[in-house]
Amino acid sequence: MANGKREAMGKGIRALLSDIAETPSTSSVGSLSGRSKSIGEVLNIPILEIKVNPFQPRVEFDDEKLEELAESIRIHGVVQPLTVRRETSGKIELIAGERRLRASKLAGLLEVPCYVRNASDQESLEIALIENIQREDLNALEVGRSYERLIEECSLTHEELSQRLGKKRATISNYLRLLKLPPDVQNAISDQRISMGHARALAGLEDVLLQLDLLHEILSDNLSVREVERRIASLSKRKPKAKNKKKSSSFKAMEEKLSSQWSTRVRLNQKANGSGEMSVYFHNEEDLQRILDLLQ
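With positions in the sequence shown counted from 1, the corresponding number in the working numbering is that position plus 434.
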């Protein structure tokens, strides 16, 4: 990442941690032995005394990368102190640095250097979210969920969030739109089967069935983002046919449910006498066999 971009992304977290001085040298790190957990100091705190952050936005941790970090900690120690806060009960709660905490456990450490600061629940949430957003290995959905939590739980406007993160409002809006995509598309994002570019293009479609149909084409035909955008542009140019009868909400719900379960487009058409027909789309013989296997 370019230095300018990294600097812009760091503005938010630096603002939140503006009262934190530069990381003290090892010689200035204190110990809990015989002293209180002092706010504003860096102390070596036993790992077993640290509660994990309930506001941690990251759900999954890469075991291989954790082991790599643990090996680095075995050799060099914990270079950057964790950030914790003292609760009114006297317990120590992690604000930022869960990867370092987990890796330190793997490395066999009994205690880790921690900066103890005074933070409310909202500040703790905000710091944890922003620190995670600024990581480069988050998938697009994790970023979107973090944006959503910052807006809803920290009462931030899109403009305030934009300023804190050093990102354009349009970028934030694009990530938030991903949260409205159907589960199948979201799973494809999380599993890294489709890129952010693919997801952003699909989010531009209002029809859930079209989103699912195009998702399957992306996966089966290995479509590029540009190819997906061209197909969507072609769809938007088609004039919609006049509908004789508007489908009921229950019928549309059934269509969406079947489309999601079978990962393809399903259409239900009901006649005036109550009878009807169901159309199931498939892209090739292999795709047809996949659907037939699901029906067995």
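Glycine is no exception: its CB is placed at the ideal position from the N, C-alpha and C atoms.
_According to DSSP, is residue 527 part of a helix, a strand, or is it coil?_
Along the sequence shown, one-based indexing puts residue 527 at 93. Reduced to three states, the DSSP call for residue 527 is strand.
*Is residue 567 closer than 8 Å to residue 517 when the C-beta atoms are compared?*
Numbered from its first residue, the sequence shown carries residue 517 at position 83. Numbered from its first residue, the sequence shown carries residue 567 at position 133. No, these two residues do not count as a Cβ contact at 8 Å.
*In chain order, what residues of the same chain lie with their CB nearer than 8 Å to the CB of residue 593, ignoring the 5 residues before and after it?*
Along the sequence shown, one-based indexing puts residue 593 at 159. Correct list, in chain order: 603.
*Determine the contact status of residue 643 and residue 690, defining contact as a CB-CB distance below 8 Å.*
The sequence position of residue 643 within the sequence shown is 209, counting from 1. The sequence position of residue 690 within the sequence shown is 256, counting from 1. Their beta carbons are under 8 Å apart, which means residue 643 touches residue 690 by this criterion.
_With 16 other Cβ atoms within 10 Å as the buried cut-off, status of residue 709_ = Start at 1 with the first residue of the sequence shown, and residue 709 comes out as number 275. Looking at its Cβ environment, which holds fewer than 16 other Cβ atoms inside 10 Å, residue 709 is exposed.
*Limits of the beta strand (DSSP E) - the one that residue 617 falls within*: Working through the sequence shown from its first residue, we reach residue 617 at position 183. Counting along the chain, residue 617 falls outside any beta strand (DSSP E), though it belongs to the alpha helix (DSSP H) covering 617 to 624.
_Assuming residue 577 is part of the beta strand (DSSP E), what are its boundary residues?_
Residue mapping note: residue 577 aligns to position 143 of the sequence shown, counting from 1. Run containing residue 577: none in the beta strand (DSSP E); it sits in the alpha helix (DSSP H), 574 to 587.
*Pick helix, strand or coil for residue 640, following the three-state DSSP scheme.*
Along the sequence shown, one-based indexing puts residue 640 at 206. Coil.
*Own chain residues within Cβ distance below 6 Å of residue 537, not counting five before or after*: In the sequence shown, residue 537 corresponds to position 103, counting from 1. Hits under 6 Å: 500, 503, 504 and 507.
*Proximity of residue 732 and residue 635 at Cβ, strictly below 8 Å*: What is shown of the chain runs 435 to 730, which leaves residue 732 out entirely.
*Locate the beta strand (DSSP E) running through residue 538, then write down its first and last residues.*
Sequence index remark: in the sequence shown, residue 538 carries index 104 (1-based). No beta strand (DSSP E) holds residue 538; the alpha helix (DSSP H) holding it covers 532 to 540.
*Can you tell me which of the three DSSP states residue 715 falls into?*
Against the sequence shown, residue 715 aligns to sequence position 281. Coil, per DSSP.
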